[in-house]
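Colleague:
Numbering (my numbering), first residue to last: 658 to 793.
Have a look at this one:
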């Protein structure tokens, strides 16, 4: 950490603090570490929704029906259009009809937003989520 640490004080509903403390104790966190992690997650989420600039890393996770004609080819084509941000792809067969793909991505926010939107609107994609991590 640059410059050490800064102590802060916040006012929080006691019930929320109790639940937070119980949860972090189960996880093996201390309060400072848990709050710092939550702050980083909050900032990463904000950066993703509000910013058009910056570099992030994360995973695009989607479930799709592999029986939809041409879907596999469409998804592969889209991924090839974004080779500058797609680092790797893992494909998992969930059952007879459904597959899961996880794309590891790193690059500009705008470019990754374009990729996720193109995948999301592809016929046969049932669900898509993006998990983001700031590159510090």
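Quick reminder that beta carbons are idealized off the backbone N, C-alpha and C, glycines included.
Source: prediction; values computed, not measured.
Can you name the start and end residues of the alpha helix (DSSP H) that residue 779 belongs to?
Modeller: Per DSSP, residue 779 belongs to no alpha helix (DSSP H) and is neither H nor E.
Colleague: Can you give the Cα-Cα distance for residue 681 and residue 675, rounded to whole angstroms?
Modeller: 10 Å
Colleague: Would you grab the beta carbon distance between residue 701 and residue 759 for me? Rounded to a whole angstrom, and I think it's under 8 Å.
Modeller: Actually they do not touch by this definition, with Cβ atoms about 18 Å apart.
Colleague: List the endpoints of the continuous alpha helix (DSSP H) containing residue 722.
Modeller: From DSSP, residue 722 is part of no alpha helix (DSSP H) but of the beta strand (DSSP E) over 712-722.
Colleague: Check whether the stretch 743-760 touches the stretch 716-731, taking contact to mean three or more Cβ pairs, one atom from each stretch, closer than 8 Å.
Modeller: yes
Colleague: Using beta-carbon positions only, say whether residue 744 and residue 763 come within less than 7 Å of one another.
Modeller: yes
Colleague: How is residue 728 classed by DSSP in three states: helix, strand or coil?
Modeller: Looking at residue 728 - three-state DSSP - the assignment turns out to be helix.
Colleague: Between which residues of its own chain and residue 773 is the CB-CB distance below 8 Å, once the five residues before and five after are set aside?
Modeller: 717, 785 and 787
Colleague: Determine the closest residue to residue 713 out of 742, 685 and 775, with distance taken between C-alpha atoms.
Modeller: 742
Colleague: Quick check: the Cα distance between residue 755 and residue 736, rounded to an integer number of angstroms?
Modeller: 19 Å
Colleague: Look at residue 722 and residue 781 and say whether their C-beta atoms are less than 7 Å apart.
Modeller: Contact flag set, yes.
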